[in-house]
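Using this note's numbering, the letters of the sequence shown correspond one by one to residues 890 to 1227.
All C-beta atoms in this analysis are idealised placements derived from N, C-alpha and C, irrespective of residue type, glycine included.
Structure first, then comments.
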Amino acid sequence: MPDFRFSVPYNNDPTLLKKLVGLQNINGNRIEGIYLSGPREIYSSGRTVSEISLRELMKVIRFCHKKELKVDLAINSTCEGRMEYSIEHVSKTLKFLKTLHEGHGLDGVIVANPAYIQTIKKELPGLSIAASAFSDIDSFEKARFFKKIGADTLTLNGLNRDFRTLEEIKKLGIGLRIMANEGCIWKCPLRQFHNNFTSHASKEGNISIDPCAESCIGLRKFYPELIITSDWILPQWLAKYGKITRDIKIVGRTMESKWILQRVMDYLHEEYAGNILDLLESAIPMFNRRFNWYISSSHFDEAFFKKVTSCNKNCFVCHYCRDIAKKSIENLSHIGNG
(Lines of atoms letter the chains of each structure in order from A and count residues from 1; the text may use other names and numbers.)
(Lines give C-alpha, C1' and ligand atoms only; values in the text may rest on other atoms or scores of the structure.)
Protein backbone atom coordinates (compact mmCIF):
# COMPACT_ATOMS: atom_id res chain seq x y z
CA MET A 1 0.00 0.00 0.00
CA PRO A 2 1.51 3.37 -1.03
CA ASP A 3 0.56 5.46 2.04
CA PHE A 4 2.30 8.65 0.93
CA ARG A 5 1.47 11.74 2.98
CA PHE A 6 1.25 14.97 1.05
CA SER A 7 1.86 18.53 2.14
CA VAL A 8 0.02 20.67 -0.39
CA PRO A 9 0.13 24.41 -1.14
CA TYR A 10 -2.63 26.83 -0.19
CA ASN A 11 -2.86 30.03 -2.22
CA ASN A 12 -5.33 31.81 0.09
CA ASP A 13 -8.33 30.87 -2.07
CA PRO A 14 -11.04 29.56 0.34
CA THR A 15 -12.70 27.48 -2.37
CA LEU A 16 -9.48 25.51 -2.79
CA LEU A 17 -9.68 24.14 0.76
CA LYS A 18 -13.13 22.67 0.26
CA LYS A 19 -12.02 20.93 -2.91
CA LEU A 20 -8.84 19.58 -1.33
CA VAL A 21 -10.88 17.92 1.41
CA GLY A 22 -12.68 15.95 -1.28
CA LEU A 23 -9.39 14.47 -2.50
CA GLN A 24 -8.54 12.64 0.70
CA ASN A 25 -7.51 8.97 0.69
CA ILE A 26 -7.01 8.32 -3.00
CA ASN A 27 -5.00 5.33 -4.17
CA GLY A 28 -3.96 4.64 -0.58
CA ASN A 29 -2.41 8.12 -0.33
CA ARG A 30 -3.64 11.11 1.64
CA ILE A 31 -3.26 14.83 2.08
CA GLU A 32 -1.78 15.29 5.53
CA GLY A 33 -1.96 19.05 5.56
CA ILE A 34 -1.51 22.37 3.85
CA TYR A 35 1.16 25.03 4.05
CA LEU A 36 0.57 28.74 3.55
CA SER A 37 1.91 32.23 4.07
CA GLY A 38 0.80 34.46 6.93
CA PRO A 39 0.19 38.20 7.23
CA ARG A 40 3.01 40.15 5.58
CA GLU A 41 3.46 42.54 8.46
CA ILE A 42 4.56 39.71 10.76
CA TYR A 43 7.13 37.79 8.75
CA SER A 44 7.62 37.38 5.02
CA SER A 45 7.87 34.05 3.23
CA GLY A 46 9.68 32.80 0.18
CA ARG A 47 6.81 33.31 -2.24
CA THR A 48 4.61 36.22 -3.30
CA VAL A 49 0.96 35.31 -2.83
CA SER A 50 -2.28 37.18 -2.19
CA GLU A 51 -2.55 38.78 1.23
CA ILE A 52 -4.21 36.96 4.12
CA SER A 53 -5.33 38.59 7.36
CA LEU A 54 -4.80 37.17 10.82
CA ARG A 55 -8.53 36.54 11.14
CA GLU A 56 -8.61 34.66 7.83
CA LEU A 57 -5.58 32.63 8.87
CA MET A 58 -7.29 31.56 12.09
CA LYS A 59 -10.38 30.62 10.10
CA VAL A 60 -8.28 28.45 7.80
CA ILE A 61 -6.73 26.66 10.78
CA ARG A 62 -10.15 25.94 12.30
CA PHE A 63 -11.54 24.63 9.02
CA CYS A 64 -8.56 22.38 8.37
CA HIS A 65 -8.63 20.88 11.86
CA LYS A 66 -12.32 20.06 11.48
CA LYS A 67 -11.36 18.16 8.34
CA GLU A 68 -8.35 16.51 10.06
CA LEU A 69 -5.78 18.44 8.06
CA LYS A 70 -2.64 19.91 9.60
CA VAL A 71 -1.58 23.49 8.95
CA ASP A 72 2.03 24.64 8.53
CA LEU A 73 2.84 28.34 8.36
CA ALA A 74 5.67 29.33 6.03
CA ILE A 75 7.93 31.95 7.56
CA ASN A 76 10.79 30.92 5.33
CA SER A 77 12.16 34.23 4.19
CA THR A 78 15.90 34.16 3.57
CA CYS A 79 16.28 37.88 4.10
CA GLU A 80 14.44 40.32 6.34
CA GLY A 81 17.31 42.75 6.58
CA ARG A 82 19.10 43.60 9.82
CA MET A 83 15.81 43.85 11.73
CA GLU A 84 15.41 40.08 11.43
CA TYR A 85 17.90 39.65 14.28
CA SER A 86 16.62 42.45 16.48
CA ILE A 87 15.12 41.56 19.86
CA GLU A 88 11.95 43.39 18.86
CA HIS A 89 11.45 41.41 15.66
CA VAL A 90 12.26 38.06 17.24
CA SER A 91 9.89 38.75 20.15
CA LYS A 92 7.13 39.86 17.79
CA THR A 93 7.49 36.69 15.73
CA LEU A 94 7.51 34.42 18.79
CA LYS A 95 4.44 36.14 20.24
CA PHE A 96 2.61 35.71 16.95
CA LEU A 97 3.52 32.02 16.72
CA LYS A 98 2.61 31.40 20.35
CA THR A 99 -0.83 32.91 19.79
CA LEU A 100 -1.43 30.76 16.73
CA HIS A 101 -0.02 27.58 18.26
CA GLU A 102 -1.40 27.69 21.79
CA GLY A 103 -4.56 29.64 21.06
CA HIS A 104 -5.57 28.29 17.67
CA GLY A 105 -3.72 25.01 17.22
CA LEU A 106 -1.23 25.87 14.50
CA ASP A 107 0.58 22.58 13.88
CA GLY A 108 3.90 23.66 12.49
CA VAL A 109 6.13 26.23 10.86
CA ILE A 110 8.41 26.13 7.85
CA VAL A 111 11.57 28.10 8.60
CA ALA A 112 14.73 28.81 6.61
CA ASN A 113 16.83 30.80 9.09
CA PRO A 114 18.80 28.52 11.47
CA ALA A 115 18.71 31.14 14.25
CA TYR A 116 14.93 31.17 14.16
CA ILE A 117 14.71 27.39 14.10
CA GLN A 118 16.83 27.22 17.24
CA THR A 119 14.88 29.98 19.01
CA ILE A 120 11.44 28.65 18.11
CA LYS A 121 12.37 25.15 19.26
CA LYS A 122 13.52 26.53 22.61
CA GLU A 123 10.53 28.80 23.22
CA LEU A 124 7.77 26.70 21.59
CA PRO A 125 8.90 23.06 21.84
CA GLY A 126 5.46 21.73 20.92
CA LEU A 127 5.41 23.48 17.56
CA SER A 128 6.68 21.25 14.76
CA ILE A 129 9.49 22.82 12.73
CA ALA A 130 10.29 21.95 9.13
CA ALA A 131 13.54 23.33 7.79
CA SER A 132 12.65 24.99 4.51
CA ALA A 133 13.99 24.11 1.09
CA PHE A 134 15.43 27.63 1.27
CA SER A 135 17.72 26.32 4.02
CA ASP A 136 19.47 24.62 1.10
CA ILE A 137 19.92 21.23 2.76
CA ASP A 138 21.77 19.32 0.06
CA SER A 139 24.31 17.27 2.02
CA PHE A 140 24.62 14.98 5.03
CA GLU A 141 26.55 17.66 6.92
CA LYS A 142 23.83 20.27 6.50
CA ALA A 143 21.15 17.75 7.40
CA ARG A 144 22.97 16.85 10.61
CA PHE A 145 23.36 20.54 11.49
CA PHE A 146 19.66 21.31 11.08
CA LYS A 147 18.73 18.28 13.12
CA LYS A 148 21.00 19.42 15.95
CA ILE A 149 19.51 22.91 16.11
CA GLY A 150 15.96 21.62 16.45
CA ALA A 151 14.33 20.93 13.09
CA ASP A 152 11.83 18.06 13.21
CA THR A 153 11.62 17.67 9.44
CA LEU A 154 14.11 18.50 6.70
CA THR A 155 12.87 19.70 3.32
CA LEU A 156 15.68 18.51 1.10
CA ASN A 157 16.98 20.46 -1.87
CA GLY A 158 18.53 19.06 -5.02
CA LEU A 159 18.82 15.47 -3.80
CA ASN A 160 15.86 13.73 -5.44
CA ARG A 161 18.14 11.96 -7.91
CA ASP A 162 20.95 11.26 -5.44
CA PHE A 163 19.83 8.12 -3.62
CA ARG A 164 23.22 7.55 -2.04
CA THR A 165 23.01 10.85 -0.13
CA LEU A 166 19.32 10.35 0.61
CA GLU A 167 20.06 6.99 2.21
CA GLU A 168 22.87 8.50 4.31
CA ILE A 169 20.66 11.34 5.55
CA LYS A 170 17.90 8.89 6.40
CA LYS A 171 20.27 7.30 8.94
CA LEU A 172 20.05 10.51 10.99
CA GLY A 173 16.61 9.40 12.11
CA ILE A 174 14.85 12.67 11.31
CA GLY A 175 11.76 13.35 9.23
CA LEU A 176 12.58 13.88 5.56
CA ARG A 177 10.38 15.74 3.08
CA ILE A 178 11.04 15.79 -0.63
CA MET A 179 9.61 18.23 -3.14
CA ALA A 180 8.07 16.40 -6.04
CA ASN A 181 7.52 19.06 -8.69
CA GLU A 182 9.95 21.92 -8.18
CA GLY A 183 11.18 23.14 -11.54
CA CYS A 184 14.24 25.11 -10.43
CA ILE A 185 17.50 24.63 -12.29
CA TRP A 186 19.54 22.02 -10.44
CA LYS A 187 22.31 23.70 -8.42
CA CYS A 188 21.20 27.03 -9.85
CA PRO A 189 23.87 29.72 -9.36
CA LEU A 190 21.10 32.31 -8.97
CA ARG A 191 19.18 30.45 -6.27
CA GLN A 192 20.48 32.38 -3.25
CA PHE A 193 19.83 35.73 -4.90
CA HIS A 194 16.43 34.69 -6.20
CA ASN A 195 15.37 33.51 -2.75
CA ASN A 196 16.43 36.83 -1.25
CA PHE A 197 14.55 38.73 -3.95
CA THR A 198 11.31 36.79 -3.49
CA SER A 199 11.63 37.07 0.28
CA HIS A 200 11.55 40.85 0.04
CA ALA A 201 8.86 40.74 -2.66
CA SER A 202 6.61 38.61 -0.45
CA LYS A 203 6.50 41.43 2.10
CA GLU A 204 6.20 44.26 -0.41
CA GLY A 205 3.46 42.64 -2.51
CA ASN A 206 3.21 41.89 -6.20
CA ILE A 207 6.15 42.82 -8.40
CA SER A 208 6.14 43.83 -12.06
CA ILE A 209 9.25 41.89 -12.99
CA ASP A 210 11.38 39.16 -11.45
CA PRO A 211 14.92 39.56 -12.85
CA CYS A 212 16.11 36.21 -11.51
CA ALA A 213 13.18 34.38 -13.10
CA GLU A 214 13.94 36.14 -16.37
CA SER A 215 17.52 34.88 -16.17
CA CYS A 216 16.28 31.35 -15.49
CA ILE A 217 13.99 31.54 -18.50
CA GLY A 218 16.85 32.67 -20.70
CA LEU A 219 19.12 29.88 -19.50
CA ARG A 220 16.48 27.24 -20.23
CA LYS A 221 15.80 28.65 -23.68
CA PHE A 222 19.43 28.32 -24.73
CA TYR A 223 20.19 25.20 -22.68
CA PRO A 224 16.96 23.17 -22.70
CA GLU A 225 18.70 20.22 -21.04
CA LEU A 226 18.45 22.25 -17.82
CA ILE A 227 14.76 21.34 -17.77
CA ILE A 228 15.66 17.66 -17.98
CA THR A 229 18.36 17.80 -15.30
CA SER A 230 16.06 19.60 -12.85
CA ASP A 231 15.13 17.65 -9.72
CA TRP A 232 11.48 16.84 -10.50
CA ILE A 233 9.88 13.50 -9.78
CA LEU A 234 7.19 12.06 -12.02
CA PRO A 235 4.14 10.88 -10.05
CA GLN A 236 4.72 7.31 -11.25
CA TRP A 237 8.21 7.37 -9.68
CA LEU A 238 6.99 7.97 -6.12
CA ALA A 239 7.09 4.31 -5.15
CA LYS A 240 10.85 4.36 -5.69
CA TYR A 241 11.15 6.82 -2.79
CA GLY A 242 9.06 4.86 -0.31
CA LYS A 243 12.09 3.50 1.57
CA ILE A 244 13.50 7.02 1.98
CA THR A 245 10.36 8.86 3.05
CA ARG A 246 6.61 8.97 2.58
CA ASP A 247 6.44 12.71 3.24
CA ILE A 248 5.97 14.45 -0.11
CA LYS A 249 5.63 18.17 -0.72
CA ILE A 250 3.83 19.52 -3.76
CA VAL A 251 5.01 23.03 -4.52
CA GLY A 252 3.01 25.82 -6.12
CA ARG A 253 1.34 28.24 -3.70
CA THR A 254 1.72 31.04 -6.25
CA MET A 255 -0.35 29.05 -8.74
CA GLU A 256 -4.09 29.12 -9.45
CA SER A 257 -6.37 26.72 -7.60
CA LYS A 258 -7.18 24.68 -10.71
CA TRP A 259 -3.50 23.98 -11.27
CA ILE A 260 -2.92 23.05 -7.62
CA LEU A 261 -5.86 20.65 -7.59
CA GLN A 262 -4.67 18.93 -10.75
CA ARG A 263 -1.15 18.49 -9.43
CA VAL A 264 -2.46 17.06 -6.17
CA MET A 265 -4.57 14.60 -8.15
CA ASP A 266 -1.59 13.59 -10.30
CA TYR A 267 0.55 12.72 -7.29
CA LEU A 268 -2.20 11.09 -5.26
CA HIS A 269 -2.86 8.78 -8.20
CA GLU A 270 0.90 8.33 -8.82
CA GLU A 271 0.33 8.65 -12.54
CA TYR A 272 0.91 11.36 -15.11
CA ALA A 273 0.79 11.45 -18.88
CA GLY A 274 1.27 14.82 -20.50
CA ASN A 275 3.56 17.81 -20.76
CA ILE A 276 6.32 17.78 -18.15
CA LEU A 277 6.22 21.57 -18.10
CA ASP A 278 2.60 21.54 -16.90
CA LEU A 279 3.68 19.54 -13.86
CA LEU A 280 6.35 21.93 -12.64
CA GLU A 281 6.43 25.16 -10.66
CA SER A 282 9.14 27.83 -10.19
CA ALA A 283 9.73 29.89 -13.37
CA ILE A 284 8.52 27.05 -15.59
CA PRO A 285 4.88 28.24 -15.99
CA MET A 286 6.14 31.68 -17.08
CA PHE A 287 8.60 30.00 -19.42
CA ASN A 288 5.95 27.85 -21.04
CA ARG A 289 3.49 30.70 -21.54
CA ARG A 290 6.22 32.47 -23.47
CA PHE A 291 7.54 29.60 -25.59
CA ASN A 292 4.82 26.95 -25.57
CA TRP A 293 7.05 23.92 -25.52
CA TYR A 294 5.76 20.40 -25.11
CA ILE A 295 7.85 17.68 -23.46
CA SER A 296 5.96 14.41 -23.30
CA SER A 297 6.29 12.42 -20.10
CA SER A 298 6.51 9.30 -22.25
CA HIS A 299 10.19 10.01 -22.88
CA PHE A 300 11.06 9.52 -19.21
CA ASP A 301 10.92 5.79 -18.66
CA GLU A 302 12.65 3.36 -16.31
CA ALA A 303 15.90 3.60 -18.27
CA PHE A 304 15.92 7.38 -17.87
CA PHE A 305 15.26 7.14 -14.14
CA LYS A 306 18.09 4.64 -13.64
CA LYS A 307 20.48 6.80 -15.64
CA VAL A 308 19.83 10.11 -13.88
CA THR A 309 19.85 8.57 -10.41
CA SER A 310 23.17 6.82 -10.94
CA CYS A 311 25.22 9.33 -12.94
CA ASN A 312 27.98 11.52 -11.48
CA LYS A 313 26.29 14.79 -12.56
CA ASN A 314 29.24 15.79 -14.73
CA CYS A 315 27.15 17.24 -17.55
CA PHE A 316 30.23 18.77 -19.19
CA VAL A 317 31.31 15.36 -20.45
CA CYS A 318 27.94 13.59 -20.48
CA HIS A 319 25.37 14.72 -23.03
CA TYR A 320 22.63 12.26 -22.12
CA CYS A 321 20.12 14.88 -20.94
CA ARG A 322 21.02 17.19 -23.82
CA ASP A 323 20.21 14.40 -26.23
CA ILE A 324 16.95 13.68 -24.41
CA ALA A 325 16.03 17.36 -24.68
CA LYS A 326 16.68 17.43 -28.42
CA LYS A 327 14.59 14.32 -28.88
CA SER A 328 11.70 15.16 -26.59
CA ILE A 329 11.01 18.89 -26.92
CA GLU A 330 8.46 19.91 -29.49
CA ASN A 331 8.54 23.44 -30.92
CA LEU A 332 12.32 23.52 -31.09
CA SER A 333 12.31 26.63 -33.30
CA HIS A 334 12.37 28.68 -30.10
CA ILE A 335 15.67 27.18 -28.93
CA GLY A 336 18.65 29.46 -29.41
CA ASN A 337 22.05 28.45 -30.65
CA GLY A 338 23.93 29.29 -27.43
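- Item | Paired residues, beta bridge with residue 918 - DSSP | Position 29 of the sequence shown holds residue 918. Residue 918 is bridged to 915.
- Beta-carbon spacing of residue 1069, residue 1138 below 8 Å: Within the sequence shown, the letter at position 180 stands for residue 1069. Within the sequence shown, the letter at position 249 stands for residue 1138. A contact, by the Cβ cut-off of 8 Å.
- Message: Which runs of the alpha helix (DSSP H) at least 4 residues long sit entirely within the segment 1033-1063? Give them in chain order.
- Response: 1052-1059
- Return helix, strand or coil for residue 1202, following the three-state DSSP convention. On the sequence shown, position 313 is the one that residue 1202 refers to. In this structure, residue 1202 counts as coil in the three-state DSSP scheme.
- Residues of its chain near residue 1066, where Cβ-Cβ distance is below 6 Å and the 5 sequence neighbours each way are ignored: For this step, residue 1066 is matched to residue 177 along the sequence shown. Excluding residues within five positions, the ones whose Cβ falls inside 6 Å are 1042, 1044, 1136, 1138.
- Are the Cβ atoms of residue 1004 and residue 1018 separated by less than 8 Å? Translated into the one-based positions of the sequence shown, residue 1004 becomes position 115. Translated into the one-based positions of the sequence shown, residue 1018 becomes position 129. No; because the gap between Cβ atoms is not below 8 Å, this pair is not in contact.
- Query: Taking C-beta to C-beta, are residue 908 and residue 1115 nearer than 8 Å?
  - Reply: Working through the sequence shown from its first residue, we reach residue 908 at position 19. Working through the sequence shown from its first residue, we reach residue 1115 at position 226. Cβ atoms of residue 908 and residue 1115: not closer than 8 Å.
- Query: From residue 926 to residue 963, what does the alpha carbon distance come to, in whole angstroms?
  - Reply: Your numbering for residue 926 matches position 37 in the sequence shown. Your numbering for residue 963 matches position 74 in the sequence shown. The straight-line gap from Cα to Cα measures roughly 5 Å.
- Is residue 1159 closer than 8 Å to residue 965 when the C-beta atoms are compared? Looking up residue 965 in the sequence shown gives position 76. Looking up residue 1159 in the sequence shown gives position 270. Going by C-beta atoms, residue 965 is not nearer than 8 Å to residue 1159.
- Query: Can you tell me whether DSSP reads residue 1132 as helix, strand or coil?
  - Reply: The residue given as residue 1132 occupies position 243 in the sequence shown. Three-state DSSP puts residue 1132 in coil, outside helix and strand.
- Item | Rounded C-alpha distance that separates residue 975 from residue 1033 | In the sequence shown, counting from the first residue as 1, residue 975 sits at position 86. In the sequence shown, counting from the first residue as 1, residue 1033 sits at position 144. Those two C-alpha atoms are separated by around 27 Å.
- Item | Reduced DSSP category for residue 888 - H, G, I as helix; E, B as strand; rest coil | With the chain represented from 890 up to 1227, any question about residue 888 goes unanswered, as that position is not in the structure.
- Anticipated Cβ contact below 8 Å, residue 1164 with residue 1220, distance rounded: Residue 1164 sits at position 275 when you count from the first residue of the sequence shown. Residue 1220 sits at position 331 when you count from the first residue of the sequence shown. Not confirmed; about 11 Å, so no contact.
- Any chance you could list the beta strand (DSSP E) runs of at least 3 consecutive residues sitting entirely within the segment 934-1014, in chain order? 959-964, 997-1000
- Message: Need the endpoints of the beta strand (DSSP E) that residue 849 sits in, please.
- Response: Lying before the first or after the last residue shown, residue 849 is absent from the chain, which here runs from 890 to 1227.
- Taking C-alpha atoms, which residue in 1112, 1050, 1014, 1166 lies nearest to residue 1038? As a working note, residue 1038 is residue 149 in the sequence shown. Per the Cα distances, 1014.
- Item | Nonlocal neighbours in the same chain, by C-beta distance under 7 Å from residue 1049, ignoring five residues either side | For this step, residue 1049 is matched to residue 160 along the sequence shown. For residue 1049, where only same-chain residues beyond five positions count, the Cβ hits under 7 Å are 1067, 1120, 1122.
- Task: Determine the DSSP secondary structure at residue 1196, reduced to helix, strand or coil.
- Result: Taking the sequence shown and counting its residues from 1, one reaches residue 1196 at position 307. Of the three classes helix, strand and coil, the one that applies to residue 1196 here is helix, per DSSP.
- Message: Quick check: what's the CA-CA separation for residue 947 versus residue 1006?
- Response: Position 58 of the sequence shown holds residue 947. Position 117 of the sequence shown holds residue 1006. The alpha-carbon atoms of residue 947 and residue 1006 are separated by roughly 22 Å.
- Query: What are the boundary residues of the alpha helix (DSSP H) that includes residue 1180?
  - Reply: Residue mapping note: residue 1180 aligns to position 291 of the sequence shown, counting from 1. Run containing residue 1180: 1173-1180, per the alpha helix (DSSP H) assignment.
- Tell me where the beta strand (DSSP E) around residue 1228 begins and ends. In the structure as shown, the chain begins at 890 and stops at 1227. Residue 1228 is therefore absent and cannot be evaluated.
- Does the distance from the C-beta atom of residue 1105 to that of residue 1074 stay below 8 Å? Within the sequence shown, the letter at position 216 stands for residue 1105. Within the sequence shown, the letter at position 185 stands for residue 1074. Yes, they are a contact pair.
- In this structure, what does DSSP give as the bridge partners for residue 1084? Mapped onto the sequence shown, residue 1084 falls at position 195. According to DSSP, which records beta bridges pairwise, residue 1084 is partnered with nothing at all.
- Query: Leaving out five residues before and five after residue 1175 in sequence, what residues of the same chain have Cβ atoms less than 7 Å from its Cβ?
  - Reply: As a first step, residue 1175 must be located in the sequence shown, where it is residue number 286. Only 1102, 1106 meet the Cβ criterion.
- Task: Using only alpha-carbon positions, find the residue among 1196, 991, 1188 that is nearest to residue 1216.
- Result: Along the sequence shown, read from residue 1 onward, the residue named residue 1216 stands at position 327. Of the candidates 1196, 991, 1188, the one whose C-alpha sits nearest the C-alpha of residue 1216 is 1188.
- Task: Please say whether residue 912 and residue 920 have beta carbons closer to each other than 8 Å?
- Result: Here residue 920 refers to the residue found at position 31 when the sequence shown is read from its first residue. Here residue 912 refers to the residue found at position 23 when the sequence shown is read from its first residue. Their beta carbons are under 8 Å apart, which means residue 920 touches residue 912 by this criterion.
- Message: Just to confirm the assignment, what range does the alpha helix (DSSP H) spanning residue 1215 have?
- Response: Translated into positions along the sequence shown, residue 1215 becomes position 326. In this chain, the alpha helix (DSSP H) harbouring residue 1215 covers 1209-1217.
- Item | Residue nearest to residue 989 in terms of C-alpha spacing, selected from 950, 1179, 902, 970 | Here the question's residue 989 lines up with position 100 in the sequence shown. Ranking the options by Cα distance to residue 989, first place goes to 950.
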